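The structure appears below as structure tokens.
2 protein chains.
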Amino acid sequence: MTWLLNDPADFAREALEGFCAAHPEYVQAVRGGVLRATASPEGEVALVVGGGSGHYPAFAGWVGPGMAHAAVCGNLFASPSASQAHSVVSSVDNGGGVVLAFGNYAGDVLHFGQAAERLRAEGVDVRVVTVSDDVASNTPDKHRDRRGIAGDLPVVKTMGAAIARGADLDEVERLGWKANDATRTLGVAFDGCTLPGQDAPLFSLRERRMGVGLGIHGEPGVREEPLASAAEVADLLVDGVLAEEPSRGAGYAGRAAVILNGLGTVKYEELFVVYRRVAQRLQDAGITPVQPEVGELVTSLDMAGLSLTLVYLDDELESLWVAPADTPAFRRGEVRPSAPRRPPLVEEEGGQEPVPPSSEASRRAARTLLGHLEAVAESAKGHESHFATLDSVAGDGDHGQGMSFGSKAAHEAARAAVAEGAGARTTLVRAGAAWADAAGGTSGALWGALLTAAGGALSDESDETTKEDVIRAAEAGGQAVLRLGGAAVGDKTMVDALVPFLRTLRSEASGGADEAWRAAATHAHEAAESTADLVARRGRSRVLGERSLGTPDPGAISFAVLMSAVAERLGREETS
Amino acid sequence: MTWLLNDPADFAREALEGFCAAHPEYVQAVRGGVLRATASPEGEVALVVGGGSGHYPAFAGWVGPGMAHAAVCGNLFASPSASQAHSVVSSVDNGGGVVLAFGNYAGDVLHFGQAAERLRAEGVDVRVVTVSDDVASNTPDKHRDRRGIAGDLPVVKTMGAAIARGADLDEVERLGWKANDATRTLGVAFDGCTLPGQDAPLFSLRERRMGVGLGIHGEPGVREEPLASAAEVADLLVDGVLAEEPSRGAGYAGRAAVILNGLGTVKYEELFVVYRRVAQRLQDAGITPVQPEVGELVTSLDMAGLSLTLVYLDDELESLWVAPADTPAFRRGEVRPSAPRRPPLVEEEGGQEPVPPSSEASRRAARTLLGHLEAVAESAKGHESHFATLDSVAGDGDHGQGMSFGSKAAHEAARAAVAEGAGARTTLVRAGAAWADAAGGTSGALWGALLTAAGGALSDESDETTKEDVIRAAEAGGQAVLRLGGAAVGDKTMVDALVPFLRTLRSEASGGADEAWRAAATHAHEAAESTADLVARRGRSRVLGERSLGTPDPGAISFAVLMSAVAERLGREETS
Chain A
1 MTWLLNDPAD FAREALEGFC AAHPEYVQAV RGGVLRATAS PEGEVALVVG
51 GGSGHYPAFA GWVGPGMAHA AVCGNLFASP SASQAHSVVS SVDNGGGVVL
101 AFGNYAGDVL HFGQAAERLR AEGVDVRVVT VSDDVASNTP DKHRDRRGIA
151 GDLPVVKTMG AAIARGADLD EVERLGWKAN DATRTLGVAF DGCTLPGQDA
201 PLFSLRERRM GVGLGIHGEP GVREEPLASA AEVADLLVDG VLAEEPSRGA
251 GYAGRAAVIL NGLGTVKYEE LFVVYRRVAQ RLQDAGITPV QPEVGELVTS
301 LDMAGLSLTL VYLDDELESL WVAPADTPAF RRGEVRPSAP RRPPLVEEEG
351 GQEPVPPSSE ASRRAARTLL GHLEAVAESA KGHESHFATL DSVAGDGDHG
401 QGMSFGSKAA HEAARAAVAE GAGARTTLVR AGAAWADAAG GTSGALWGAL
451 LTAAGGALSD ESDETTKEDV IRAAEAGGQA VLRLGGAAVG DKTMVDALVP
501 FLRTLRSEAS GGADEAWRAA ATHAHEAAES TADLVARRGR SRVLGERSLG
551 TPDPGAISFA VLMSAVAERL GREETS
Chain B
1 MTWLLNDPAD FAREALEGFC AAHPEYVQAV RGGVLRATAS PEGEVALVVG
51 GGSGHYPAFA GWVGPGMAHA AVCGNLFASP SASQAHSVVS SVDNGGGVVL
101 AFGNYAGDVL HFGQAAERLR AEGVDVRVVT VSDDVASNTP DKHRDRRGIA
151 GDLPVVKTMG AAIARGADLD EVERLGWKAN DATRTLGVAF DGCTLPGQDA
201 PLFSLRERRM GVGLGIHGEP GVREEPLASA AEVADLLVDG VLAEEPSRGA
251 GYAGRAAVIL NGLGTVKYEE LFVVYRRVAQ RLQDAGITPV QPEVGELVTS
301 LDMAGLSLTL VYLDDELESL WVAPADTPAF RRGEVRPSAP RRPPLVEEEG
351 GQEPVPPSSE ASRRAARTLL GHLEAVAESA KGHESHFATL DSVAGDGDHG
401 QGMSFGSKAA HEAARAAVAE GAGARTTLVR AGAAWADAAG GTSGALWGAL
451 LTAAGGALSD ESDETTKEDV IRAAEAGGQA VLRLGGAAVG DKTMVDALVP
501 FLRTLRSEAS GGADEAWRAA ATHAHEAAES TADLVARRGR SRVLGERSLG
551 TPDPGAISFA VLMSAVAERL GREETS
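Just so you know, the sequences run in chain order A and B. The numbering of the first sequence is the UniProt record's numbering, which starts it at 1 and goes up by one. The numbering of the second sequence is the UniProt record's numbering, which starts it at 1 and goes up by one.
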């Protein structure tokens, strides 16, 4: 349960503001996240970490000497947008290049990847290191395709320490991948977390059961087992991470960084009871723990669970693991005196260009689109907890808030554009940008691209917006999603519903745009049903499939729901 | 919910062992608690903190340079025994005197006080500083009679920093009291914690309510209010602690250490949302926060709640608050290099003397007493959650486990003594020592004293144990409780049932010891009823009375229950 909140929509932002107020000696706010309050030497590599909020101390709590230079902070469990990442990196770049480090999730890969492309185009040397320590999420041969959980900490710690010693960009990137390749985590969950403003947790396990292989976004685990004693849980975790212990020699001599991480409501005394057994088991296995950490390092709001991480150390990794660090939430050893305070930033909010000239017909079309976006936003809000529940089974739990926040921002941006006299093209392009920025997550990137591309296919100055224009715009939006998401029909993503929708829209066009839309929405629903079935089946068995990174996602279902909302509004307009 | 445990009776011990395994660079285990792993300079004042377990990082997490030298660790929510405190202090004394610092609770005051007496008799200069920061638990003019909650941290931090600077015993004691007198805390609870092995929390609030004025042992608060927003909660807490802000001048110029403490399941993001408002309010009041701490500093297992602490600083207190510290759970600034490791201790388990010679009659009486102690232990075990529930309303939540652990240890010690051929006196004296040591808490001290004194009134070598001997022993035990506890009939303590029990035992003696015992137990039950009524009424209104330190306690009820268990066994023996 989240007890303390004001408006749930403001929760992540207010938490970040409070964090900055509490730690002015460490951090200062910038659009999209936080930067070190102290200046860094010219030419030093900048380490930028990030991801959704709800994981404190990850990621903002690790900003400071010896660890990260900045954190990009998304909404709860939702990846930050590309625009947020771009803003933070632009503010922190010291001219030595930038490493972007984040957990391996589809949404983060998409948004940070887009930001990296844009920064490279602007002349910044950006490298990307994704953390993928969770042994439950893929097979050993696909270690870099796994998802990132508590392994975020040692990977960030390793790179931050290397930078403090003066490593260059290539070296920092190399060490980041090396640390990730040496890191293994397995977790167990007992009960799900509850998003602010919601009454029920994202998942609940049956009485006296536990989920093995937890995620940190409300994913309950890849299999269920009977609730076990602390010693049995310790054995399960140790066995899981030791299964991939490298052979001794070649630098590794049985020394390991050990992290026993509480997800939120498993408390310290319980962690120590488990650690007691972990230490015995490691000793039996001839492994020496190096500066173990037992506590809350990567949380998931109030989730009940814990995870065990081992980093198999050689001398190089060990010296970086034990090196000093001084951040709000992770302090170790003696840190060199801080560099002088950086001057306070003036926040650039990226003021909007004035709207381009538009025709009366295009402005009329823009007002119609505004109505559709309102219907979409209302429907997304109404289905918020439904989408969140679906996503807690299938994905990473952020789909409800992501769709709700994104569509609300799109509607507001469109209203502002229409009020300024924007045509259909500008209105839709601005709505798309606002959606991506406000929502984050995979769905935020895809819906943002959809609206932006659809808008790009329209005109601000045409004399008429025809049925053919509408269909062409929808098809352009769809193409953008196909290109960006890289999914095909049958992959159990939004595309499963999008493609039949577009096909029907085209084939039924003879009967009028509105009827075509309604028929298309119906077909989208039918197509989404197989995803819904799959989600329901997975909800029962809670076994993730081969592909672990967010598929099946509820995107097909939410797409069908929102297209129906537009169809319903078309129906109401007709009869009124 | 406590998810991770083995045998609940081993929970606190196993947690402490795991803690020591995780932090060998900071701490080493000793009987009764933990010591710094590093040696301290000869003549340095030793700061020994302590209290029940279940509050991590308090208290063991604060052992290290700049903070405490050792922690005495009781069972969950139960004060350590005097023997534990004596063991820890004896191991840590550097010849510069010792400050014992702990929260102001009856059980802790009793046990640490007994240990201090014994240490002083042994030539150690021991001072006692009790923390009493909770504004909800008493009126401003009785600040030192309040209970201690998150204020433990700044008081310990202040004294530890002073010691690191070379302060002598008088100076450390003065600064401890000064810090406590400058510290104010108010807390709010949303849901109670659940003791390991129990299914239900110690308390639950009604839907959409919160308890204002929480304690850290499962006490729900002194009044209930409707659940409020994060901003409203922040206002309530700020108003509560600012009500006792000292006037500016005389050293205080509007600078304050600020601690926003999560009790367990209120998570970091929520704390930051609240802190955002706290910082605004303090700014409005012209108060500058100095190195604020927002996190989990003094917890209460998985309790949902938070508290705000302000320490009104003058220059002296501020310099000690911001001074370096390096402990497992609290690190700040640069600490001087650690002193060399102290040699590992050989744990002295205080081996028992051989049992003194005994007569056949006294050994027979010892076997009878062993049977009674078995009945008591079985009854205490069976009533464990009943006593815990009563105590969560009336006191500090440790009564169930305390009675269960104590009576079990007493029974086991008596069995070992009987097996060695001990007479009645030695058997009962050893049972009493074992009870106090295993149970801790107020009840542990009182029951330990009761059995020890009763045993002392018997003989190991008499030819016969008469009815008169039994009554005299019971009266001697009762006198010890009255002397030690300082309570009178009507104070709603164990004494309320004890005194009528003894009176009836004496007055009904003509009818035989067994009948007299049954009649006495019945009267004890009747006498305990008014306490039961009061507890039930308080359970409804949840308003603590004038006297906040554990009265009314469920001691009268548990006394009556256990005496009845003995009476019942007497009945069974008669008929068999």
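Don't be surprised by glycine CBs; every beta carbon is placed ideally from N, CA and C. None of the values given here were measured: they were computed from a predicted structure.
*asked:* Strictly under 7 angstroms for the Cβ-Cβ distance: is K157 (chain B) near chain A by that measure?
replied: The count along the second sequence starts at 1 and reaches residue 157 (chain B) at position 157. When Cβ-Cβ separations below 7 angstroms define contact, K157 (chain B) makes no contact with chain A.
*Could you list which residues in chain A have their beta carbon closer than 9 angstroms to that of P292 (chain B), in chain order?*
Residue 292 (chain B) sits at position 292 when you count from the first residue of the second sequence. Ordered by position in chain A, the residues that pass the 9 angstroms Cβ test against P292 (chain B) are A21, A22 and H23.
*Same chain, Cβ closer than 8 angstroms to A162 (chain A), neighbours up to 5 away in sequence not counted*: Stepping through the first sequence from its first residue, residue 162 (chain A) is reached at position 162. Correct list, in chain order: E171, V172, L175 and L320.
*Taking the alpha-carbon positions, what's the A434 (chain B) to G448 (chain B) distance?*
As a position in the second sequence, residue 434 (chain B) is number 434, starting the count at 1. As a position in the second sequence, residue 448 (chain B) is number 448, starting the count at 1. A direct Cα-to-Cα measurement between A434 (chain B) and G448 (chain B) gives close to 7 angstroms.
*If you draw a straight line from the alpha carbon of H523 (chain A) to that of L534 (chain A), how long is it in whole angstroms?*
To locate residue 523 (chain A), count along the first sequence from 1; it is residue 523. To locate residue 534 (chain A), count along the first sequence from 1; it is residue 534. One C-alpha to the other measures close to 18 angstroms.
*Do you know offhand how far R277 (chain B)'s Cα is from G151 (chain B)'s?*
Taking the second sequence and counting its residues from 1, one reaches residue 277 (chain B) at position 277. Taking the second sequence and counting its residues from 1, one reaches residue 151 (chain B) at position 151. It is roughly 21 angstroms from the alpha-carbon of R277 (chain B) to the alpha-carbon of G151 (chain B).
*chain A residues whose Cβ lies nearer than 7 angstroms to that of N75 (chain B)*: Within the second sequence, the letter at position 75 stands for residue 75 (chain B). Within 7 angstroms Cβ-Cβ: nothing; N75 (chain B) doesn't reach chain A, min ~11 angstroms.
*What does A150 (chain A) reach in chain B if we use C-beta pairs closer than 7 angstroms?*
Counted from its first residue, the first sequence places residue 150 (chain A) at position 150. Going along chain B, no residue has its Cβ under 7 angstroms from A150 (chain A), so there is no contact; the nearest lies around 15 angstroms.
*Pick helix, strand or coil for R184 (chain A), following the three-state DSSP scheme.*
Residue numbering aside, residue 184 (chain A) sits at position 184 when the first sequence is read from its first letter. DSSP, read as helix, strand or coil, puts R184 (chain A) in strand.
*Residue range of the unbroken alpha helix (DSSP H) whose run includes L47 (chain A)*: Counted from its first residue, the first sequence places residue 47 (chain A) at position 47. Not the alpha helix (DSSP H): L47 (chain A) falls in the beta strand (DSSP E), residues A46 to S53.
*Can the beta-carbon of T185 (chain B) be found less than 7 angstroms from the beta-carbon of I149 (chain B)?*
Position 185 of the second sequence, counted from the first residue, corresponds to residue 185 (chain B). Position 149 of the second sequence, counted from the first residue, corresponds to residue 149 (chain B). In this structure, I149 (chain B) lies closer than 7 angstroms to T185 (chain B) by Cβ.
*What residue from A:A454, A:R13 and A:A68 has the CA that sits closest to G52 (chain A)'s CA?*
In the first sequence, counting from the first residue as 1, residue 52 (chain A) sits at position 52. Among A:A454, A:R13 and A:A68, the Cα nearest to that of G52 (chain A) belongs to A:R13.
*asked:* Per the DSSP calculation, I259 (chain A) is bridged to which residue(s)?
replied: In the first sequence, counting from the first residue as 1, residue 259 (chain A) sits at position 259. A:E293 and A:T309, per the DSSP bridge assignment.
_Proximity test, Cβ basis, 7 angstroms: G218 (chain B) and chain A_ = Mapped onto the second sequence, residue 218 (chain B) falls at position 218. It does not; no Cβ of chain A falls within 7 angstroms.
*Between the segment 261-281 of chain B and chain A, which residues of the former have CB atoms less than 9 angstroms from a CB of the latter, in chain order?*
Along the segment 261-281 of chain B, going in chain order, the ones with a CB nearer than 9 angstroms to a CB of chain A are G264, T265, V266, K267, Y268, E269, E270, L271, F272, V273, V274, Y275, R276, R277, V278, A279 and Q280.
*Please classify K142 (chain A): is it buried, with 16 or more other beta-carbons within 10 angstroms of its beta-carbon, or exposed?*
What you label residue 142 (chain A) is simply residue 142 of the first sequence in a count that begins at 1. Exposed, since its Cβ has fewer than 16 Cβ neighbours within 10 Å.
*Y275 (chain B), DSSP secondary structure in three states*: Counting from 1 along the second sequence, the entry for residue 275 (chain B) is found at position 275. Look at Y275 (chain B) here: in three-state DSSP terms it is helix.
*asked:* Strictly under 7 angstroms for the Cβ-Cβ distance: is F190 (chain A) near chain B by that measure?
replied: The sequence position of residue 190 (chain A) within the first sequence is 190, counting from 1. By this cut-off, F190 (chain A) is an interface position.
*So what's residue 608 (chain B) in DSSP terms, helix, strand or just coil?*
Here chain B comprises residues numbered 1 to 576, so residue 608 (chain B) is not present and cannot be evaluated.
*asked:* Can you check which of these residues, A:A200, A:P292 and A:T299, is closest to V311 (chain A) by C-alpha distance?
replied: Position 311 of the first sequence, counted from the first residue, corresponds to residue 311 (chain A). Answer by Cα proximity: A:P292.
*From what residue to what residue does the beta strand (DSSP E) around V212 (chain B) run?*
The residue given as residue 212 (chain B) occupies position 212 in the second sequence. DSSP places V212 (chain B) in the uninterrupted beta strand (DSSP E) bounded by R209 to V212.
*What do you get for G512 (chain B), buried or exposed, if any count of 16 or more other CB atoms within 10 angstroms of its CB means buried?*
Mapped onto the second sequence, residue 512 (chain B) falls at position 512. With fewer than 16 other Cβ atoms within 10 Å, it is exposed.
_Per DSSP, cross-strand counterpart(s) of L100 (chain B)_ = Locating residue 100 (chain B) in the second sequence gives position 100, where the first residue counts as 1. In the DSSP output, where bridge partners are listed per residue, L100 (chain B) has B:V48 and B:V128.
*Is any beta-carbon of chain A found at less than 7 angstroms from that of A3 (chain B)?*
To locate residue 3 (chain B), count along the second sequence from 1; it is residue 3. Note that residue 3 (chain B) is Trp in the sequence shown, not Ala. It does; some Cβ of chain A falls within 7 angstroms.
_Straight-line gap, G286 (chain B) to S91 (chain B) (C-alpha atoms, nearest Å)_ = On the second sequence, residue 286 (chain B) is found 286 positions in, with the first residue counted as 1. On the second sequence, residue 91 (chain B) is found 91 positions in, with the first residue counted as 1. Their Cα atoms are separated by approximately 46 angstroms.
_C-beta contact flag for M67 (chain A) and T327 (chain A) at 7 angstroms_ = As a working note, residue 67 (chain A) is residue 67 in the first sequence. As a working note, residue 327 (chain A) is residue 327 in the first sequence. Yes, they are a contact pair.
*Taking K381 (chain A) as the reference, which of A:A365, A:S392 and A:H399 has the closest Cα?*
As a working mapping, residue 381 (chain A) is identified with position 381 in the first sequence. Comparing Cα positions, the closest option is A:H399.
*Beta-carbon proximity list for A304 (chain A), same chain, < 6 angstroms, skipping 5 on both sides*: Your numbering for residue 304 (chain A) matches position 304 in the first sequence. The residues F190, D191, T265 and V266, in chain order, have a CB closer than 6 angstroms to that of A304 (chain A) in the same chain once the five nearest residues on each side in sequence are set aside.
*Between the CA atoms of A85 (chain A) and V30 (chain A) - distance to the nearest angstrom*: Start at 1 with the first residue of the first sequence, and residue 30 (chain A) comes out as number 30. Start at 1 with the first residue of the first sequence, and residue 85 (chain A) comes out as number 85. Whole-angstrom Cα-Cα distance: 11 angstroms.
*asked:* Taking only three categories from DSSP, how would you classify R206 (chain A)?
replied: Translated into the one-based positions of the first sequence, residue 206 (chain A) becomes position 206. Here DSSP, grouped into helix, strand and coil, assigns R206 (chain A) to coil.
*Compare the C-beta of Y56 (chain A) against all C-beta atoms of chain B and say whether one is closer than 7 angstroms.*
The residue given as residue 56 (chain A) occupies position 56 in the first sequence. Yes, Y56 (chain A) lies at the interface with chain B (some Cβ there is under 7 angstroms from its Cβ).
_Residues of the segment 314-330 of chain A with Cβ closer than 7 angstroms to any Cβ of chain B, in chain order_ = Those residues of the segment 314-330 of chain A placed with their C-beta closer than 7 angstroms to a C-beta in chain B do not exist.
*Hey, how far is the Cα of residue 589 (chain B) from the Cα of F112 (chain B)?*
Given that chain B is displayed from residue 1 to residue 576, the structure contains no residue 589 (chain B) and the question cannot be resolved.
*With a cut-off of 7 angstroms, does the C-beta of N6 (chain B) fall near any C-beta of chain A?*
Taking the second sequence and counting its residues from 1, one reaches residue 6 (chain B) at position 6. So yes, N6 (chain B) belongs to the interface.
*asked:* So, at 7 angstroms on beta carbons, what are the nonlocal neighbours of F454 (chain B) in its own chain, with the 5 sequence-adjacent residues on each side left out?
replied: Here the question's residue 454 (chain B) lines up with position 454 in the second sequence. Before going further, note that residue 454 (chain B) is Ala rather than Phe in the sequence given. The residues are L428, A473, A474, A476 and G477.
*Paired residues, beta bridge with Y252 (chain A) - DSSP*: Within the first sequence, numbered from 1, the residue matching residue 252 (chain A) stands at position 252. Under DSSP, the beta-bridge partners assigned to Y252 (chain A) are A:G249.
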